[in-house]
Every structure is written in structure tokens, then in C-alpha cells.
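Shown next, in C-alpha cells, is the structure this report addresses.
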Amino acid sequence: MMAHWPNPVEIATPLFILLVIAEMLAARYLHRGEYEARDTAASLLMGFGSTVLGFAGLFLFLAMAKFLTPYRLMTIGFSWAALIVCFVLDDLAYYAWHRASHRVRWLWADHVQHHSSQHYNLSTALRQPWTGALTPGLFFRAPLILIGFPLPMLAFVHGLNLVYQFWIHTEAVGKLPRWFEAVMNTPSHHRVHHATNARYLDSNYAGVFIVWDRWFGTFVAEEESDKPRYGIVKNLATFNPLKVMAHEWIGIVQDVMRAKSAREAAAYIFAPPGWSPDGSRDTSDSIKARWAQFRAAQSSAE
Amino acid sequence: MNLIYFAGSLAGIALIVALNLALFGRVRFRITSLSDVAAKLAAEVPGFRAGDGIVASDGRAALCEDKTSGAIYLVEAVGNRLVTRRLGRGSLRALSGDGAGLSLRLADFTFAKSKLAFADAAARKIWEARLKAALA
């Protein structure tokens, strides 16, 4: 059955390569975007490692599916309507996973790698983590199995979702027509998601449809006056893919080993990234609060 | 993943990185003045106001004080970008000075050992003392 469904990512890979080359040329000759060789190498090697090690995650997903399938509500066969509903619901599951991945440090440890470049170009799209099998991320797609969508269809729509997300990692495309920006995730919306400017932190989690962010209150528009600065709150001083992959995991282990109680240890794993018992570290919430305070003080001084 | 796909992927990566180098060269950020550092920190730290600072002779690193909090920040060039760290208690594993050079090893393992060469030993001694006070 699985053999009848194409793998969208595999089909799109040559296109990814051509688009990276085209964007690189546009960056060089039209000054639209920026590339740095070691950053590009790190991103591409992260993508390569993710493909090699992705089989562990796939194995766990199939094991979960095998366990859950007897409990499904119905058996959905192929139809175009089912495929479209499956695609939309998979994107909603992606939104939920993605939002949790920014708010729970355990999940963040396997997502931070994607945000760790200070550049924003198509190679950044390929900077993917290797350790998905160490997180509970796959459970976000469990409801789709329980509804009764067939596994090959789930794999197919998830692949389509990932292919869509590739092209939005670019500075070469400005804002698109209003109707498109209103419904779909776009380069502009996703630049905001990758930005560390206080105003943009923890926003625009959408995969394909930006409407999830608009409905769930996490949408922030890109502003001309506040150009996105990319990366993470504490940017990495390395291009070594192994260090990029491991740094947050090592941070968690070090913090848990230093924790003074089980409650504190649990918070180091489940609280938002940057949480600390004495509040001495920065979370995105504390940065936003300080920024709001600073802006209020600035405007009252004016 | 079969061997051809594996080898093809690695060859593709090498090709793209080579093209990147051919088009842009190996770009390295060089800190030319404290205003580079202050601009970066002001963008990253809400309320930051640049105080005293010093740029290493090779332009690869700098130290800068935040007048608002009194904190000292290390700013390092990484590729063609800057990376910053607040140097507070627990952030440094080792700090040592020798002549005009100051060596810092951060607890953050993504940083290599930083060696800041200043214009003279007097400047190094001042900043070493300030850092020791900040870390105490």
C-alpha cells in the first residue's frame, strides 16, 4: 500500500538543490539575501544527518500506529475529500507540535537546531534536528491515526507539508498578495517566526496555513521598521553540526544534575526554554516583558 | 537509504558549499569599533546602554559594559555574524592574563577558547580585574 504513495520530499529534493543555487546567485548578484559558507555547510549537514537518523523516528511512529490502529474511530479509504481533510488536520497537528516545541524545553531540545543559524535562507530550511526519536513529538499526530486516516495518506500529506515549508525560508521574497498572506504561511510570516526581536518571539508557528496563528492568537505581522534578526536568544558560537545538535540536550542534563529537588529537575525539562529557579536566565516571556517595560519608559520620556 | 543516495547527498552538499565559497569567499566579521558591538548589544538586550568597552586588536572579539545593569558582555565574531554572552557568575570556566593577552574559557561549550589581544598589558590588567569583580 505504502509503495503506491510517492514520497514528496524525495521527489522535491532536486528542486530544493536548484532553488538553493538560484537563491545563492540572487544573493550574490541581486543582493537579495545572504549566504555564509560554513553556515551553509552546517545547515546542509544537519539536513543530511536528519535524513539518515530519521528512520528511528519513523520506526517509532509506525510502532505507535500499530498500537493505535485497532482503536480507530473509523476506517477512511482514499478519496480526494479525505486527502484534503487529512492535509488540513495534519497541518493543525503540526501547529500544535510546533507551538509546544517552543514552549517545552524537552521538545525545544530537538527543534532549537532549526533556529540556530543567524542566517535565513533556503539552506536554513534544511537545518533539521536528528533527535526526534528522543521526544514525545510523534504523539501530536496520534489523533489522526485514531480518527482513521490510513498511514500512507498520513505519510504523504506530512511530506507535502514539509515540501511547502521549504520555500518560505527566504529573504528573497517580500510580501505576497494580501489574500495569500491572510491564509497561507509565507516567507514574511516565517521570517517573523525565525526572528529573535522581542516583538517577534514565540509567534507564527504555522506550517502551511497561517490561519491557525490568527485563530489561536499567536500571529505577529512583519514590520518594515523592525527588520528580523535571526537565530536564537543565545546564539551559538560554532558551526559544528554535532555541537549544534547536542547543545540543548547537554544543557538539560547539566541542569537536571544540578537541580536541588525533583520539582526543579522536572521544570528544567518541561518548563519553557530559559527557565531557571531564580529567574536569572532569560525566557522569551521575560525578554518580552523587559522590552515592553523599556518601550513604555521610552515613550513616557518622550 | 542506499549507498548511491548517501554518496549523492554528500556530493551535492560539497558542490553547494563550494559554490557558496566561490560566490562569497570566506567572509569574516571584523569588529572595527565599539559602535559595532554597541549596536549588536542594543538590538539584543532591551534597555542596553553602552558603557566602557574594548576591542581586541584582531577585531574578532570585544568586551563591553552595559551601563544599565553594570554587566559585562563578551562579543565574538563567528563567521560573518556576532555572538554575544553576558559574563556573569558561572559563565566562565577559566580566565587568565599574560602580557597584553586575556584568555577566556566559557562554560558554554559552543565557544572555543577566546584570546583577546589588547594594545598593552595595562588595558588587559584593567579588564581582567573588572571581569574578576563581575564574576565574584
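In the order they appear, the protein sequences are chains A and B. If you're matching positions, the first sequence starts at -5 in the numbering used here and goes up one per residue. If you're matching positions, the second sequence starts at 15 in the numbering used here and goes up one per residue. Ideal placement from N, C-alpha and C gives every residue a C-beta, glycine not left out.
- Residue 85 of chain A: member of the alpha helix (DSSP H) spanning 74 to 97, first to last residue.
- Flagged as an interface residue toward chain B: residue 34 of chain A, by a C-beta distance shorter than 8 Å.
- Per DSSP, the continuous beta strand (DSSP E) segment holding residue 99 of chain B begins and ends at 95 to 100.
- Chain-order list of chain A residues neighbouring residue 92 of chain B: 231, by C-beta distance under 7 Å.
- Taking a 10 Å sphere around the C-beta of residue 122 of chain A, we find 16 or more other C-beta atoms and assign the residue as buried.
- The beta-carbon distance between residue 139 of chain B and residue 115 of chain B, rounded to whole angstroms, is 11 Å. This is too long to meet the 8 Å contact definition.
- In the pairwise beta carbon analysis, the segment 21 to 40 of chain A is classified as touching the segment 100 to 118 of chain A: at least three pairs are separated by under 8 Å.
- Secondary structure within the segment 189 to 218 of chain A: the alpha helix (DSSP H) runs of 4 or more consecutive residues, fully enclosed, are 205 to 210 (chain order).
- Within 7 Å of the CB of residue 40 of chain B, the CB atoms of chain A belong to 31, in sequence order along the chain.
- Looking at the DSSP output, residue 178 of chain A sits in a beta bridge with A:203.
- At least one CB atom of chain A sits nearer than 8 Å to the CB of residue 57 of chain B.
- Taking C-beta separations shorter than 6 Å and ignoring five residues to either side along the sequence, the partners of residue 275 of chain A in its chain run 268, following chain order.
- Here residue 23 of chain A carries a helix assignment [DSSP, helix/strand/coil].
- For residue 54 of chain B, the enclosing alpha helix (DSSP H) has its first and last residue at 48 to 58.
- The beta carbons of residue 77 of chain B and residue 67 of chain B sit about 6 Å from each other, so the pair counts as a contact at 8 Å.
- A distance below 6 Å between beta-carbons, with the five flanking residues on each side excluded, links residue 80 of chain A to the following residues of its chain, in chain order: 143, 147, 151.
- Taking a beta-carbon distance threshold of 8 Å, residue 16 of chain B does not count as an interface residue toward chain A.
- Per the coordinates, the alpha-carbon of residue 49 of chain B lies some 15 Å from the alpha-carbon of residue 71 of chain B.
- Here residue 86 of chain B is actually not in contact with residue 42 of chain B; their C-beta atoms are around 24 Å apart, not less than 8 Å.
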